[in-house]
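Numbering (my numbering), first residue to last: 21 to 131.
Single-structure report; data block below.
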Amino acid sequence: MKHFKTLTLAAALAMMAAPALAAPETPAAAAQAKGEFVTAHVNGLVCDFCAQSIQKVFRKEDAVKGVHVDLDGGEIHISMKPGQTMDDAAIEALIRKSGYSLTSIDREPAE
């Protein structure tokens with residue numbers, strides 16, 4: 021009986037300590053859990069047709085929650101679904117496929 025109590029106590033302590041021993045959450049993991057907000061700076065966006073074609077291409081992607089095109093700023097704002105992401109190469113490929121050129125990409129966690 022004494023060993024049973026000791027084993028039970030040891031198991032309980034191990035279970036309580038396990039979360040503390042887990043790897044700390046990295047900023048990238050936190051962003052992926054909440055979703056991510058990506059801004060792609062693009063050359064060649066000048067009209068509503070440009071915006072519609074970009075939106076159509078990005079809305080087909082499973083990872084994309086929403087997309088908005090800022091014609092004045094030459095930016096594509098992409099909201100990713102929680103737990104989803106797209107790497108820079110995939111975003112650039114979609115932009116190039118649509119006939120535009122990418123200048124840079126900024127990422128930030130969704131709020």
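Where a beta carbon is used, it is the ideal one built from N, C-alpha and C, also for glycine.
None of the values given here were measured: they were computed from a predicted structure.
Contiguous beta strand (DSSP E) assignments of at least 3 residues, all confined to the region 51 to 102: The qualifying runs are 56 to 63, 84 to 90 and 95 to 100.
Once the 5 residues before and after I111 are set aside, which same chain residues still bring their CB inside 8 Å of it? Close CB contacts of I111 within its chain, under the 8 Å cut and outside five residues either way in sequence, are with V58, A60, I98, L122 and I125 (chain order).
Residue(s) in a DSSP beta bridge with I125: DSSP output for I125 lists A60 as bridge partner(s).
Alpha carbon of L114 to alpha carbon of K54, nearest angstrom: Roughly 23 Å between the two C-alpha positions.
Can you find the residues in the same chain that come closer than 6 Å, C-beta to C-beta, to L65, ignoring five residues on each side of it along the sequence? In the same chain as L65, and ignoring 5 residues on each side of it, the C-beta atoms closer than 6 Å to its own belong to L91 and G94, in chain order.
Between E81 and C67, what straight-line distance do the alpha-carbon atoms span, to the nearest angstrom? Rounded to the nearest angstrom, the gap between the Cα atoms of E81 and C67 is 23 Å.
Throw me the rounded Cβ distance for the V84 and Y120 pair, which I believe falls under 8 Å. V84 to Y120, Cβ: 17 Å. No contact.
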